[in-house]
Every structure is written in structure tokens, then in C-alpha cells.
Amino acid sequence: DQQVKQNSPSLSVQEGRISILNCDYTNSMFDYFLWYKKYPAEGPTFLISISSIKDKNEDGRFTVFLNKSAKHLSLHIVPSQPGDSAVYFCAASEGGKGAQKLVFGQGTRLTINP
Amino acid sequence: DSGVTQTPKHLITATGQRVTLRCSPRSGDLSVYWYQQSLDQGLQFLIQYYNGEERAKGNILERFSAQQFPDLHSELNLSSLELGDSALYFCASSPQNRLGEQYFGPGTRLTVT
Chain A
1204 DQQVKQNSPS LSVQEGRISI LNCDYTNSMF DYFLWYKKYP AEGPTFLISI
1254 SSIKDKNEDG RFTVFLNKSA KHLSLHIVPS QPGDSAVYFC AASEGGKGAQ
1304 KLVFGQGTRL TINP
Chain B
3 DSGVTQTPKH LITATGQRVT LRCSPRSGDL SVYWYQQSLD QGLQFLIQYY
53 NGEERAKGNI LERFSAQQFP DLHSELNLSS LELGDSALYF CASSPQNRLG
103 EQYFGPGTRL TVT
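And the structure:
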């Protein structure tokens, strides 16, 4: 049972444009969501998070949007840079920031073209 | 560099064998998590320890066990290894007040032949 789904295995975007990565979840008990970025041969790196009491969180070029009614979240990267090329994982947990168990999506490989 | 260290980086062993993977969390982090990433699957949560005690369990096989020592480093023991256990094993740690924000080590690539 895939509780967190990233339906796009890959995405290609022109440098300078907006990258939009999507994630859907099925468990309505999830109340904390995170995005991680992974380069080859490295562990995932925490990027940005959002609590279910918010619908938007921004950190520099990265913005995460949460639509609870649709059980959908998205990560916007503006403007996209070549260094953003990586695999992006969406993750979710129950219990707010104190939660201990993250459920990850399958990942989306983002390629930024010069 | 996340501050989480894992050893060894690579491990090749035969079916039926037992291996131990080691993880040192970031300084000050009390929680340690173990994840498995197989080729055809995403990151699967295995187990979490908090200050030496097991705190949460995921899809961890009975052949696998873990512990966290008083110095907070953790070990994941995998026994009676099967070909399907070949995977990347990640360790992560998190700050006490932000358990969801996990900092991952570089992983141990286990190959079972």
C-alpha cells in the first residue's frame, strides 16, 4: 500500500524556469510533510517541510504548497539551476514535528537543462 | 556533509552470512533511524532508536536487529542474508525537537552474492 506517491518518475526543466514536483498521499492522519533531495552516492538531504496547519512554506527558491482536501503537496523551485538536478523525495509523517517514522514516495528525478 | 557517518561504505558477502552496519549520529542528536533502499523500491523505514531505546518499528525483518549504544552510535545487524537483502542501507539522525527533519548518512551498499 503506497501511502505517499510521486507519480512522475522524471521531470526535465529548462534552466531559469520553474520546476514543479508533485506528491499525493492517502493517509489523512499525516500532518507533517517534507521534501528531500538526493544526489547519486549520497544520502538524502532535507530541503523544506510543512505542517498541516499551513498551506504554504517558503525558503529561498523553494516553496512547498499543501492542499489537504486534495491530499496533495507540491514543491516549486524558482528559478531552477543546474545544481538542482537530483532525485527529489516527498515524505510524510503523523504526530507533527515529534513524529518518528517517515513514509517516503518513490522519488522524482529532476533534470535541469542549460 | 550531514554529520552522520556510516561504515562500511560497501560490503559484499555471501548468502547465509551475517553483517553489521555501523552509524554515528550528528553530535547532539539522540534519535537514530535505519532505512533500506532497494533498486525497485523507495526508502523503507526499518527502525528508530531514541537515546538507547527502541522507539518505532517499520517493515524490519526478524532476521534484522539493531541497537543503540550509550555513546549513541547504532548498529544494524543483518543475518541469514538472502540475495534480496542487497540494497542501500541508510542511517539518519534528528534533532530532539525536530524529529521529522532527519539528516542522512552516505549509506552502506550491501551486495549479497
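Residue numbers (my numbering), protein chains in the order written: chain A, 1204 to 1317; chain B, 3 to 115. Glycine included, each C-beta is placed from N, C-alpha and C at the ideal position.
Check whether chain B comes within 8 Å of residue i, counting only Cβ atoms and requiring the distance to be less than that.
i: A:Tyr-1235; result: yes
i: A:Lys-1274; result: no
i: A:Thr-1248; result: yes
i: A:Gly-1308; result: yes
i: A:Lys-1271; result: no
i: A:Phe-1268; result: no
i: A:Gln-1303; result: yes
i: A:Ser-1318; result: Since the first residue of chain A shown is 1204 and the last is 1317, residue 1318 of chain A is not available in this structure.
Check whether the Cβ of residue i lies closer than 8 Å to any Cβ atom in chain A.
i: B:Ser-4; result: yes
i: B:Gln-19; result: no
i: B:Arg-24; result: no
i: B:Gly-109; result: yes
i: B:Glu-103; result: yes
For my contact list, residue i and residue j are in at a C-beta cut-off of 8 Å; report their separation, rounded to the angstrom.
i: B:Gly-54; j: B:Pro-27; result: No, B:Gly-54 and B:Pro-27 are not in contact; Cβ-Cβ is about 12 Å, not under 8 Å.
i: B:Thr-17; j: B:Gly-107; result: 26 Å between Cβ atoms; not a contact.
i: A:Ala-1294; j: A:Val-1207; result: 7 Å
i: B:Gly-109; j: B:Leu-90; result: 5 Å
i: B:Leu-48; j: A:Phe-1292; result: No, B:Leu-48 and A:Phe-1292 are not in contact; Cβ-Cβ is about 16 Å, not under 8 Å.
i: A:Phe-1233; j: B:Glu-103; result: The pair is not a contact, with the Cβ atoms about 16 Å apart (cut-off 8 Å).
i: A:Gly-1246; j: B:Phe-92; result: 5 Å
i: B:Glu-116; j: B:Val-114; result: Residue 116 of chain B lies beyond the range of chain B shown here (3 to 115); nothing can be said about it.
Tell me the DSSP bridge mates of residue i?
i: A:Tyr-1291; result: A:Lys-1240, A:Thr-1311
i: B:Glu-56; result: B:Tyr-51
i: A:Val-1216; result: A:Ile-1315
i: A:His-1279; result: A:Ile-1223, A:Thr-1266
i: B:Glu-84; result: BP columns for B:Glu-84 are empty, so no partner.
i: B:Leu-112; result: B:Leu-13, B:Ala-89
i: B:Arg-65; result: BP columns for B:Arg-65 are empty, so no partner.
i: A:Lys-1208; result: A:Asp-1227
Query raised in the report: How do the region 13–28 of chain B and the region 1231–1238 of chain A stand: do at least 3 beta-carbon pairs fall below 8 Å, yes or no?
Result: As far as the Cβ criterion goes, the region 13–28 of chain B does not touch the region 1231–1238 of chain A, which means the pair count is below three.
Report task. Give a yes or no on contact between the region 1207–1215 of chain A and the region 1264–1276 of chain A, applying the rule of three or more CB pairs nearer than 8 Å. Result -> Result no; under three Cβ-Cβ pairs closer than 8 Å.
Query raised in the report: Is the region 1216–1228 of chain A touching the region 1273–1287 of chain A, taking contact as three or more C-beta pairs under 8 Å?
Result: Counting Cβ pairs under 8 Å, three or more are found: they touch.
**Report entry** Residues in the region 42–71 of chain B having any Cβ partner in chain A nearer than 9 Å
**Finding:** Within the region 42–71 of chain B, the qualifying residues are Gln-43, Gly-44, Leu-45, Gln-46, Phe-47, Gln-50, Tyr-52, Arg-57, Ala-58, Lys-59, Gly-60.
Query - the region 1241–1265 of chain A: positions lying closer than 8 Å to chain B by Cβ - result: Listed in sequence order: Ala-1244, Glu-1245, Gly-1246, Pro-1247, Thr-1248, Phe-1249, Ser-1252.
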